[in-house]
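Asks: Going by the UniProt record's numbering, the first residue of the sequence shown is number 1, and it counts up by one from there.
For each residue, glycine too, the CB sits at the ideal point set by N, CA and C.
There's a structure below that I have some questions on.
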Amino acid sequence: CLVAMGRVMVIPFPHQRPIRAYHPPINVRPLQFISRHALDGKFLFVDQKATLVLGFLPQELLGTSMYEYYYKEDICHLAESHKAALQSKEPVNTKVYRFRSREGNYVQLQSEWKSFRNPWTKEGEYLVAKNSRLTTNVDSQVESSVERAESYNQAQGTYEYYGNKI
């Protein structure tokens with residue numbers, strides 16, 4: 001029976017930076033849903049993906065005003081963006097705002113609003129919104145992976161400590 005033991009030694013070079021754990025880039029596609037609104041902001045259509053983002057079924061939002069779900073302090077800048085979208089031919093991006101979910105907590109959204117104009121009358125008919133949920137859990141995932149790497153390094157140090165005692 002042959003048993004071999006070894007240890008990997010890292011020799012840092014003085015001209016190099018300290019070695020840090022490699023973290024591959026996290027490609028996260030934001031959760032998005034499409035909604036269509038009357039000119040006054042009432043929901044006319046809601047994509048089924050809204051259930052994943054907000055918890056509401058599409059039919060629960062139909063006929064209600066989008067302003068009912070906005071956080072009170074965000075209404076002012078959203079009303080300005082709403083007005084700008086109705087007057088502009090180009091898409092308007094909102095600032096990040098808070099939208100009440102079915103559970104009662106607020107999720108952070110950012111929307112791109114585009115008004116649809118009747119090609120014959122040139123009047124606005126409805127507003128199309130591409131709504132993206134902004135998640136902050138990417139940072140927590142990175143932090144937790146760093147913590148895992150640090151705990152792994154600590155475990156390696158413990159292993160080396162006990163390995164030297166044998």
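#1: Please report the distance separating the alpha-carbon of Thr64 from that of Lys130.
#2: Quick check on Val3: buried or exposed, where buried means 16 or more other Cβ atoms within 10 Å of its Cβ?
#3: For a test of the three-state rule: what should DSSP assign to Leu44, helix, strand or coil?
#4: Take Ser132 as the anchor and find which of Phe116, Gly6, Tyr69, Tyr97 has the nearest alpha-carbon.
#5: Could you tell me which whole alpha helix (DSSP H) segments of length 4 or greater appear in the region 66-91?
#6: Out of Gly41, Lys42, Ala50, state which residue places its alpha-carbon closest to the alpha-carbon of Ile34.
#7: To which residues of the same chain is Phe99 closer than 6 Å at the C-beta, ignoring the five residues directly before and after it?
#8: Contact check, Gly41 vs Ser101 under 8 Å by CB: the rounded distance?
#9: Given a cut-off of 8 Å on the beta-carbon distance, is the pair Gly124 and Leu86 in contact?
#10: Answer yes or no: do Leu44 and His37 have a C-beta to C-beta separation smaller than 8 Å?
#11: Looking at the structure shown, is Glu125 part of a helix, part of a strand, or coil, going by DSSP?
#12: Closest to Gln59 by CA distance: which of Tyr67, Asp47, Leu52 is it?
#13: Should Met66 be labelled buried (16 or more other beta-carbon atoms within 10 Å of its own) or exposed?
Replies: In brief:
#1: Stepping through the sequence shown from its first residue, residue 64 is reached at position 64. Stepping through the sequence shown from its first residue, residue 130 is reached at position 130. Rounded to whole angstroms, Thr64 to Lys130 spans 18 Å at the Cα level.
#2: Within the sequence shown, numbered from 1, the residue matching residue 3 stands at position 3. With fewer than 16 Cβ atoms within 10 Å of its Cβ, Val3 is classed as exposed.
#3: Here residue 44 refers to the residue found at position 44 when the sequence shown is read from its first residue. Residue state, collapsed to three classes: strand.
#4: Residue mapping note: residue 132 aligns to position 132 of the sequence shown, counting from 1. It is Tyr97.
#5: 75-87
#6: As a position in the sequence shown, residue 34 is number 34, starting the count at 1. Out of Gly41, Lys42, Ala50, Ala50 has the C-alpha closest to the C-alpha of Ile34.
#7: The residue given as residue 99 occupies position 99 in the sequence shown. Contacts found: Tyr69, Val107, Leu109.
#8: Taking the sequence shown and counting its residues from 1, the one referred to as residue 41 is at position 41. Taking the sequence shown and counting its residues from 1, the one referred to as residue 101 is at position 101. Between Ser101 and Gly41 the Cβ distance is about 18 Å, and since that is not below 8 Å, they are no contact.
#9: Taking the sequence shown and counting its residues from 1, the one referred to as residue 124 is at position 124. Taking the sequence shown and counting its residues from 1, the one referred to as residue 86 is at position 86. Yes, Cβ-Cβ distance for Gly124 and Leu86 is below 8 Å.
#10: Position 44 of the sequence shown, counted from the start, is the residue given in the question as residue 44. Position 37 of the sequence shown, counted from the start, is the residue given in the question as residue 37. Their beta carbons are under 8 Å apart, which means Leu44 touches His37 by this criterion.
#11: Numbered from its first residue, the sequence shown carries residue 125 at position 125. Three-state DSSP puts Glu125 in a strand.
#12: On the sequence shown, residue 59 is found 59 positions in, with the first residue counted as 1. When each option's Cα is compared against that of Gln59, the closest is Asp47.
#13: As a working mapping, residue 66 is identified with position 66 in the sequence shown. Met66 is buried by the Cβ-count criterion.
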